[in-house]
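One structure is given below, encoded as C-alpha cells.
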Amino acid sequence: MSDFAQLPDLAARPLGGSVVAASDEFFAEKENLIKPEPPVFSPQTFNHRGQVYDGWETRRRRVDGEAAGGSDWAVVRLGVPGVIHGVAVDTAFFKGNYPPECSVEGLAVEGYPSADELAAADWVPVLPRSPLRGDAVASFPVEASRRFTHVRLSIYPDGGVARLRVHGEPVPDPRDLAGVPCDLAALENGGAVAGCSNAFFASAYHLLYPGLAATAGEGWESARRRDGGHDWVTVRLAGAGVLRAVEVDTRHFRGNAPDQVSLWGAFSPGSDLSGGPGAGGPGAGGPG
C-alpha cells in the first residue's frame, strides 16, 4: 500500500464530497466514484442499459461510426479542501471496458460554482496522463503543494472507473472557525492523526470523521494485544485551544470495546509526537 493511502480521502462522501458534473454517465452513475465502501459486482445483473456496474461508466465515443479520440471527465468537489499527496484510480470489475489512461487536475475556488463556471475555470495539472489497467487499483503519488477544493478526473477515451480516492492533508478555511466553539480534533476543521500504535482492523482517521458511525468498520479498531500493553492514537488538533469537553463514542463495538480510556494533552508546536504519549520528551504530554 502506498504511504499516501494512510492519509484521509478528501473526496470521500462521509466527509461531504460530491460529484458535481460529468461529461457522460450513460452506463453507470458518476456518484459511485466516491462511495466509501469497496466496489462489488454481480454477474448477469442487468438493467435497461446493460450489465450493472458499481462505478462510473461512460458510453463508447464514436464519430460517424468510427472510434473517436478525446476524453470523458467527472468533477468532484472535495469534502474537505486540502493539499493532495496521492490519487488512487480503481477500475475494479471493469475488464473489457476500462479506460487505458487517465489524468487529474485541481482547482481552488470559493463557494459552489456552477458546471459552466467549473468548465471555464483555469484547472491546474495534478496527475499527467497516466496508464491504467483493467480490474486493478492504480496508485499515483503526486507533488501538489497548493490547496484544492475540486478535482477533475479525465479518462481517455471512455470507459468505466469504480472508485476515485484523493488522499491528502486537510486545509480548511480558517474563516469558518473564527470566534466560534468547534471540535478541534475534527478532520473537517484541520485535525489529523499524528501517530497510532495499531490500526489493524480500521483506520484511526475514522475517529475524526463527522457524524455518527454506521458500523464498527467506521471506527478505529486495533489488533488484539498479547503483550500486556495498551493502544493509543495521537491527534494533532486543528489549532491550540482550551478543551471544554471530550466525547468518546464506542457504538457498534460489542465485546471488543476498550475497558478504559485516558487522555493526554501537549502544547508542543513543531515536535514529533507520533510515538505516543511522552514521545516529545519531558513535559511533552500528560494526563488531561
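Taking our numbering, the leading residue of the sequence shown gets 146, the next gets one more, and so forth. Even for Gly, the Cβ is constructed at its ideal location relative to N, Cα and C.
Is the segment 269-285 touching the segment 173-181, taking contact as three or more C-beta pairs under 8 Å? no
Classify N334 as helix, strand or coil using the three-state DSSP reduction. helix
What would DSSP say about H295, mapped onto helix, strand or coil? In the structure shown, H295 adopts extended strand secondary structure according to DSSP, grouped into three states.
Starting from D261, trace the alpha helix (DSSP H) both ways and give me its first and last residue. D261 -> alpha helix (DSSP H) spans A260 to A265.
Span of the beta strand (DSSP E) holding G313? R308 to P315
Run through DSSP, which three-state label would L272 get? strand
Do you know how far the Cα of A157 is from the Cα of R206? 29 Å
Identity of the residues DSSP links to Y354 by a beta bridge: In the DSSP output, where bridge partners are listed per residue, Y354 has none listed.
If you drop the 5 nearest sequence neighbours on each side, which residues of the same chain put their C-beta closer than 7 Å to that of F455? Beyond the ends of the chain as shown, which are 146 and 433, falls residue 455; an answer cannot be given.
Using the three-state DSSP reduction, which class does E176 fall into: helix, strand or coil? Helix.
Stretch pair the segment 339-346 + the segment 314-323: three plus CB contacts closer than 8 Å: no
What three-state label does DSSP hand A166 in the structure shown? Note: A166 maps to strand in three-state DSSP.
Starting from V221, follow its DSSP beta bridges and name the residues at the other end. V164 and V296
Member of A307, E262 and A339 whose CA lies at the smallest distance from the CA of G420: A339
Where E363 falls: helix, strand or coil (DSSP): The answer is helix: DSSP assigns E363 an H, G or I state.
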